[in-house]
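Here is the structure we will look at, set down as structure tokens.
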Amino acid sequence: MPRVSAPNRRVSPPDRGPARVVTRPRRTRSVARAASAGSHPVELAGLLHELTAGLLSADHFNQALERLAVFAAGAIPGAVRCSIVLIGEGGPLTHVGHGPAGASIDEIQYTAGTTGPGLEAARTRAVVTVPDLSTDARWPDLAEAAKTQGVHAVAAVPLDLPRAEVGAMSLYFDAVGAPGADHLLTAMAVAGQAELLLDELRRRDALGSGATVDRAVGVIIAQRGCGVQEAYTVLRDTAQRLGLDREAVADRLIAVAARNA
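Below you can see the structure in the form of structure tokens.
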């Protein structure tokens with residue numbers, strides 16, 4: 001379980017190597033009861049089961065992230081927004097959010113590249129709680145945006161995906177001092193389950209991408225009468241020339257071959 005950092009304590013990042021219309025999952029009575037009950041084991045089990053069903057039925061990884069944001073925002077009492085960020089090796093931040101308030105806080109923290117509770121939790125692998133964002137000396141740039149949008153407290157729980165990504169699930173609250181201990185434990189349980197599910201979806205996406213590339217290589221071999229290595233080289237060079245990744249070029253090639261057939 002992630003450790004919890006004190007409000008005025010910074011934790012040095014550990015030395016670690018290189019690192020959207022969506023149908024809202026149905027918020028059943030089990031979600032409301034589990035959130036209200038906090039850490040009640042039976043209700044929490046129902047909540048996590050519902051989360052599992054919602055994420056594993058997603059068509060792709062980004063849709064699962066969006067569903068997670070919608071689900072968490074509805075499952076934790078007092079939360080007005082859930083914001084999720086992932087940091088991959090050498091790439092831009094992946095960010096999704098859901099809720100009526102707090103979008104400008106996300107923009108300042110993620111788009112502008114400054115720091116904030118979500119990035120702090122991702123980098124330190126620690127739960128970061130901000131009982132009153134307007135008076136917290138760590139992130140003064142966020143205070144005005146929080147005041148304008150009625151956001152008073154934040155809890156950011158780290159997400160650690162073994163496949164070269166770290167991140168955080170941040171919950172924004174409309175009351176000072178939120179969340180309570182029970183609701184924080186519920187948020188941590190949701191985040192812990194989400195880590196496992198998102199990593200499985202990453203694995204599925206990787207397998208799917210590999211299968212698409214292999215099919216495209218087969219098309220190239222059939223069209224050119226070349227060998228396997230040469231077909232992979234053709235696909236790679238085409239992707240570089242078009243400024244696209246191999247999977248996108250492979251998808252197009254397969255679609256054209258299907259039309260011609």
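The sequence shown begins at 1 in the UniProt record's numbering and counts up by one. Ideal Cβ positions, reconstructed from N, Cα and C, are used throughout, including at glycine. Predicted model only: the values in this text are computed from it and were never measured.
A direct Cα-to-Cα measurement between G180 and L86 gives close to 25 Å.
Spanning the alpha carbons of D182 and P92 requires a straight line of approximately 34 Å. The three-state reading of DSSP puts P158 in strand, counting E and B together. The closest CA to that of A122, considering only D160, P100, G102 and K147, is found on D160. Note: I84 is bridge-paired with V96 and M169 in the DSSP secondary-structure output. The alpha carbon of A103 has as its nearest neighbour, out of A146, V166 and G88, the alpha carbon of A146.
About 13 Å separates the beta carbons of R81 and A75, which is beyond the 8 Å limit, so they are not a contact pair. Considering only T124, L55 and L185, the residue with the shortest C-alpha distance to E43 is L185. The DSSP-derived three-state label of A206 is helix. For V249, the enclosing alpha helix (DSSP H) begins and ends at R246 to N260. Scanning its chain for C-beta atoms nearer than 8 Å, with the 5 sequence neighbours on each side dropped, one finds no residue around G225. In the assembly as shown, V127 is a buried residue. Its beta-carbon has 16 or more other beta-carbons within 10 Å. Apart from sequence neighbours up to five positions away, the residues of its chain that approach R246 with a beta-carbon distance below 7 Å are V213, L235, R236 and A239, ordered along the chain. Rounded to whole angstroms, the gap between the alpha carbons of H95 and I220 is 36 Å. V176 sits away from A206, with the two beta carbons spaced by 7 Å or more.
T129 is bridged by DSSP to A155.
The DSSP-derived three-state label of A222 is helix. Distance from the Cα of F173 is smallest, within the candidate group G54, A45, L55 and S83, for S83. In the DSSP annotation of this structure, the continuous segment of the alpha helix (DSSP H) that includes E43 starts and ends at P41 to L56. Out of G54, L142 and A189, the CA that lies nearest to the CA of G116 is found in L142.
Note: A79 is bridge-paired with F173 in the DSSP secondary-structure output.
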